[in-house]
Amino acid sequence: MARYDFIIKGGRYFDGTGALSFTRNLAIKDGWVVRVTADPIADDDAERVIDASGLWVMP
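Using my numbering, the letters of the sequence shown correspond one by one to residues -3 to 55.
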């Protein structure tokens, strides 16, 4: 069973504080962002993988 419902990989993440964006991987479980990391997240850890390379990700 997957640890996360889905992961969003490689997007430019804006955290809402006004800080500059940075490339991150996000893991979502039960509608909540449960992990934001610069480290890779294995595709096998999620039911679905979204490649956000070149896209913006924001709350």
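Note that CB positions come from ideal geometry on N, CA and C, so glycine has one too. Since we're looking at a predicted model, the values are computed, not measured.
Proximity winner among the options, relative to residue i (alpha-carbon distances)
i	options	result
residue 24	9, 39 and 2	2
residue 26	42, 48 and 37	42
Residues sharing a beta bridge with residue i, DSSP
i	result
residue 42	0
residue 7	20
residue 47	5
Rounded separation between residue i and residue j - CA only
i	j	result
residue 12	residue 40	29 Å
residue -1	residue 9	22 Å
8 Å contact criterion, which residue i and residue j should meet: CB distance rounded
i	j	result
residue 7	residue 52	7 Å
residue 32	residue 22	5 Å
residue 34	residue 44	That pair is no contact at about 21 Å.
Opening and closing residue of the beta strand (DSSP E) in which residue i lies
i	result
residue 13	Where residue 13 is concerned, there is no enclosing beta strand (DSSP E), given that its DSSP letter is neither H nor E.
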